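In this note's numbering, the protein residues as written are 3 to 132.
Before any comments, here is the structure.
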């Protein structure tokens, strides 16, 4: 499991276009109105993500976070989840926190998002689905 944390107070600034990779030619950019609508004021956590071993058991946290980083640097990597992160002007200052666990990643991710939503009334900023 991993979370992306914003350490600054106040309203964020957004880039007009998303610098992340164009996986399958799709532009990850989101309109400013949607970014504003998704923003969760007062929350430090901006994304909750999961990593699993995959079918071969060889994937995992290191691979998933590397894909996330490379996607943010503009490589056309299949890491569409969390793409709003890269449209934050301050994306290079965000903190990545992780925890390895034996629990089922999808269940743990859902539980963490639910816990966040209970406190803030909605999902974290870059989690576009539960």
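Virtual Cβ for every residue (Gly too), placed ideally from N, Cα, C.
Please read these numbers as outputs of a predicted model, since none were measured by experiment.
- Secondary structure note for residue 97: its beta strand (DSSP E) is the uninterrupted segment 97-100.
- Residue 27 sits in a helix when the DSSP states are folded into three classes.
- The alpha-carbon of residue 53 is positioned some 14 Å away from that of residue 114.
- Distance from the CA atom of residue 105 to the CA atom of residue 83, rounded to whole angstroms, is 21 Å.
- About 10 Å separates the beta carbon of residue 48 from that of residue 118, a gap too long to meet the 8 Å contact definition.
- Of 15, 102, 108, the smallest CA-CA separation from residue 43 is found for 15.
- Distance from residue 32 to residue 89 at the Cβ level is roughly 6 Å; contact confirmed, criterion being Cβ atoms closer than 8 Å.
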